[in-house]
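Asks:
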Amino acid sequence: MGIAEGTKHDLGRRLARIRGQVGGIARMVEDERYCPDILQQFAAVHSALRAAEKELLLNHLERCATHAIEEGGDDAARVRAEIADLFMRFAGR
Numbered sequence: 000m001g002i003a004e005g006t007k008h009d010l011g012r013r014l015a016r017i018r019g020q021v022g023g024i025a026r027m028v029e030d031e032r033y034c035p036d037i038l039q040q041f042a043a044v045h046s047a048l049r050a051a052e053k054e055l056l057l058n059h060l061e062r063c064a065t066h067a068i069e070e071g072g073d074d075a076a077r078v079r080a081e082i083a084d085l086f087m088r089f090a091g092r
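Under numbering that gives the first Met the number 0, the residue at position 26 of the sequence shown is numbered 25, and the numbers go up by one with no gaps.
Given below as structure tokens:
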């Protein structure tokens, strides 16, 4: 199935923004800015990455996983295990 076009576009925008934020952090470090200000920017990047993760995870659940489970068979069992693993890794974020 893959990534939905709208999701792909949105993730591209999010990742471009994150790249810009990381570049800003690098400049702040180079300029020896106040550490708490830099840490605040790190927190913003972490938050943006978590939002992108969630969007991609939802895409996977709605498109790939749902399709495999509906088809049944060995793929369905594999995808159920994969979903459980993804949930355990990303649910607490």
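Quick reminder that beta carbons are idealized off the backbone N, C-alpha and C, glycines included. Please read all numbers here as calculations on a predicted model, not as lab measurements.
1) What separation, rounded to the nearest whole angstrom, lies between the Cα atoms of Leu60 and Lys7?
2) Would you call the segment 33-53 in contact with the segment 10-20, where contact means no fewer than 3 C-beta pairs closer than 8 Å?
3) How many angstroms separate the CA atom of Gly72 from the CA atom of Val78?
4) Going by beta carbon distance, what residues of the same chain come within less than 7 Å of Ala42, once the five residues before and after it are set aside?
5) Taking DSSP as the reference, what is the three-state secondary structure of Ala43?
6) Determine the DSSP secondary structure at Arg32, reduced to helix, strand or coil.
7) Alpha carbon to alpha carbon, how far is Glu81 from Glu69? Give it in angstroms, no decimals.
8) Express the C-alpha separation of Val28 and Thr65 in angstroms, rounding to a whole number.
Replies: From the atom records:
1) 15 Å
2) yes
3) 10 Å
4) none
5) helix
6) coil
7) 15 Å
8) 44 Å
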